[in-house]
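Peer 1: Per the working numbering, the very first residue in the sequence shown carries number 204; after that it's consecutive.
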Amino acid sequence: MTRPGGNALVNSELDIALRGERTIEWLVSRGATLISADGEVKIFADLATSATVVIGRVWFSPMSVEVPAASSEKSDLVFISLAMQGTSRLLRQNETEAATPPPFFVHNTTEPILIETTEPSTRLIFGIRRWKIEAVLGPNYRYTGPRIPNAHLRKVLTSAAMASLDGPIDGDSPTFPAWRTAIESLVIAVVRSSMRKTTAQGATASLLARAQSIITQQAHNPEFSVVELGHQLGISQSHLHRVFRETGTTPARLLRETRIALAEDFLGSGTPTIQELKEAAASSGFRNMRMFRRATAEETGRVSAE
């Protein structure tokens, strides 16, 4: 396997604050094209970019942006995006209708993509070396179905990103290779945790995809349940559990993981207050803070046991 070394030179751009034409020029300088915008175009960002790793925190106003396929010299990176606030819609090559992705998605830079958002949004962005992720996950990382990463791994990665962007990253530092490896390992762990292995085929695979999509879209609603999921799919509870048996999980566990991930998105990094915990629980489908804490404790115990 070829393992490109790459240039360790890192360009750290902190406290980027752009409006209007300067925002458009900044997008163009990165190969992106503004298609449309709702109001004044604004971007606030902290970025560290190099030939071998990219890490960034970006807030952007409602807009539609086209990102072309990466050139051959830039296609050695695979990009992973985590939603911190707001939602986006993606339109990949040969698709006619944009899809709303889950809070976490993987983008293969060899394909063009259209990104749309109708509300202010914040995302964490990671670019890691393609050969590193392929060495661990093979071609499976390209899976485009619903992804629900482990909430605790996701929180560790988010915290590492926030800390990394508190100051400039020195590519000449002897600690840089170790830092880069740590970020890559965390990203790969999060990607791996999001992959639902299944041998389901035909009608079962179709039902599974629909079930995962419904959970992703409706987990924030406290009235939504596994029973309601079965009703929406038009199948019995026993049939629903047989469908999920192929993935090694259950619909209840996936719903819980999704709600925990939504709550973690809401809370971000730092130590939350009681009020923030209550708001996170309410926004992510938990009926109260006690149920949120119990679900988190159960998930922590399950991950530790594994």
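Ideal placement from N, C-alpha and C gives every residue a C-beta, glycine not left out. Remember, it's a predicted structure, so these values are computed and weren't measured experimentally.
#1: Can you tell me whether Asn353 is buried or exposed, with buried defined as 16 or more other CB within 10 angstroms of its CB?
#2: Under 7 Å Cβ to Cβ from Asn424, same chain only, skipping five residues before and after it: list those, please.
#3: In chain order, what residues of the same chain have a beta carbon less than 6 Å from the beta carbon of Arg333, not counting five sequence neighbours either side?
#4: Considering only the alpha carbon of each residue, which of Arg445, Ala414 and Phe447 lies closest to Glu431?
#5: Which complete alpha helix (DSSP H) runs does the segment 333-399 hold, if anything under 4 residues is left out?
#6: Answer yes or no: do Val167 and Val309 have a C-beta to C-beta separation smaller than 8 Å?
#7: Quick one: grab the DSSP three-state call for Ala484.
#8: Ignore the nearest five residues each way along the sequence and tell me which others in Trp262's own chain have a CB closer than 6 Å to its CB.
#9: How big is the Cα-Cα spacing for Arg188 and Gly330?
#10: On the CB-based measure, 16 or more other CB atoms within 10 Å of its CB, does Gly242 come out buried or exposed?
#11: Apart from the five residues on each side of it in sequence, which residues of its chain come closer than 6 Å, Cβ to Cβ, to Phe447?
#12: First and last residue of the beta strand (DSSP E) that includes Phe282?
#13: Quick check on the DSSP output: the alpha helix (DSSP H) that includes Leu457 runs from which residue to which?
#14: Contact defined as beta carbons within less than 8 Å: I believe Val359 pairs with Leu389. What is the distance between those atoms, to the nearest angstrom?
#15: Answer yes or no: do Glu269 and Ile238 have a C-beta to C-beta separation smaller than 8 Å?
#16: From the DSSP output, in three-state form, read off Arg490 for me.
#17: On a Cα-Cα basis, can you pick out the residue from Arg222, Leu458, Ala338 and Thr476 that is closest to Val429?
#18: Does the ligand FMN have even one heavy atom less than 7 Å from the beta-carbon of Arg357?
#19: Measure the alpha-carbon distance for Ala376 versus Arg497 and round it to whole angstroms.
#20: Who are the Cβ neighbours of Phe469 in its own chain at under 6 Å, not counting the five residues just before and after it?
#21: Look at the Cβ atom of Arg462, then the Cβ atom of Ala422, and state whether they are nearer than 8 Å.
#22: Starting from Val430, trace the alpha helix (DSSP H) both ways and give me its first and last residue.
#23: Using the C-alpha atoms, what's the distance from Ile351 back to Ser409?
#24: Report yes if the CB atom of Leu411 is closer than 8 Å to the CB atom of Thr474, and no otherwise.
#25: Can Leu250 and Pro371 be called in contact, C-beta distance under 8 Å?
#26: Between the C-alpha atoms of Met494 and Ala464, what's the straight-line distance to the nearest angstrom?
#27: Between Ala235 and Pro265, which are expected to be in contact by the criterion C-beta below 8 Å, what is the C-beta distance as a whole number of angstroms?
Peer 2: Looking at the atomic coordinates:
#1: Along the sequence shown, one-based indexing puts residue 353 at 150. The residue is buried, with at least 16 neighbouring Cβ atoms inside 10 Å.
#2: As a working note, residue 424 is residue 221 in the sequence shown. Hits under 7 Å: Gly488.
#3: Along the sequence shown, one-based indexing puts residue 333 at 130. For Arg333, where only same-chain residues beyond five positions count, the Cβ hits under 6 Å are Asp279 and Val281.
#4: For the purposes of this step, residue 431 is taken as residue 228 along the sequence shown, with counting starting at 1. Checking every option, the nearest Cα to that of Glu431 belongs to Ala414.
#5: 333-340, 354-367 and 379-397
#6: Examination of residue 167 is not possible in this model, given that the chain is present from 204 through 509 alone.
#7: Taking the sequence shown and counting its residues from 1, one reaches residue 484 at position 281. In this structure, Ala484 counts as helix in the three-state DSSP scheme.
#8: By 1-based counting over the sequence shown, the position of residue 262 is 59. Cβ neighbours of Trp262 beyond the five flanking positions: Phe247 and Thr325.
#9: Residue numbering for the chain in the displayed model covers 204 to 509; residue 188 lies beyond these limits and cannot be assessed.
#10: Counting from 1 along the sequence shown, the entry for residue 242 is found at position 39. The residue in question, Gly242, is exposed, as its Cβ has fewer than 16 Cβ neighbours within 10 Å.
#11: In the sequence shown, the residue the question calls residue 447 occupies position 244. If we look at Phe447 and ignore the five residues flanking it on each side, its Cβ neighbours are Thr453 and Pro454.
#12: The residue labelled residue 282 in the question sits at position 79 within the sequence shown. Phe282 -> beta strand (DSSP E) spans Leu280 to Gln288.
#13: Locating residue 457 in the sequence shown gives position 254, where the first residue counts as 1. First-last of the alpha helix (DSSP H) with Leu457: Pro454 to Leu470.
#14: Looking up residue 359 in the sequence shown gives position 156. Looking up residue 389 in the sequence shown gives position 186. The Cβ separation is near 6 Å, so the contact holds.
#15: Against the sequence shown, residue 269 aligns to sequence position 66. Against the sequence shown, residue 238 aligns to sequence position 35. Against a cut-off of 8 Å, the Cβ pair of Ile238 and Glu269 comes out as a contact.
#16: For the purposes of this step, residue 490 is identified with residue 287 of the sequence shown, where counting begins at 1. Reduced to three states, the DSSP call for Arg490 is coil.
#17: Your numbering for residue 429 matches position 226 in the sequence shown. Of the candidates Arg222, Leu458, Ala338 and Thr476, the one whose C-alpha sits nearest the C-alpha of Val429 is Leu458.
#18: Looking for the ligand FMN in the displayed structure turns up nothing, as the structure carries no ligands at all.
#19: Here residue 376 refers to the residue found at position 173 of the sequence shown. Here residue 497 refers to the residue found at position 294 of the sequence shown. At residue 376 the sequence reads Ser, which differs from the Ala that was named. So the two alpha carbons sit approximately 43 Å from each other.
#20: Indexing the sequence shown from 1 puts residue 469 at position 266. If we look at Phe469 and ignore the five residues flanking it on each side, its Cβ neighbours are Ala483 and Ser486.
#21: Here residue 462 corresponds to residue number 259 of the sequence shown, with the count starting at 1. Here residue 422 corresponds to residue number 219 of the sequence shown, with the count starting at 1. Cβ distance < 8 Å, so Arg462 and Ala422 count as in contact.
#22: Along the sequence shown, read from residue 1 onward, the residue named residue 430 stands at position 227. Taken as a continuous stretch (DSSP letters only), the alpha helix (DSSP H) holding Val430 covers Val429 to Leu436.
#23: Locating residue 409 in the sequence shown gives position 206, where the first residue counts as 1. Locating residue 351 in the sequence shown gives position 148, where the first residue counts as 1. One C-alpha to the other measures close to 18 Å.
#24: Your numbering for residue 411 matches position 208 in the sequence shown. Your numbering for residue 474 matches position 271 in the sequence shown. No, they are not a contact pair.
#25: Here residue 250 is taken as the residue at index 47 of the sequence shown, counted from 1. Here residue 371 is taken as the residue at index 168 of the sequence shown, counted from 1. No, the Cβ-Cβ distance between Leu250 and Pro371 is not below 8 Å.
#26: Residue mapping note: residue 494 aligns to position 291 of the sequence shown, counting from 1. Residue mapping note: residue 464 aligns to position 261 of the sequence shown, counting from 1. For Met494 and Ala464, the distance between alpha carbons rounds to 14 Å.
#27: Sequence index remark: in the sequence shown, residue 235 carries index 32 (1-based). Sequence index remark: in the sequence shown, residue 265 carries index 62 (1-based). Contact doesn't hold; Cβ gap of about 16 Å is too wide.
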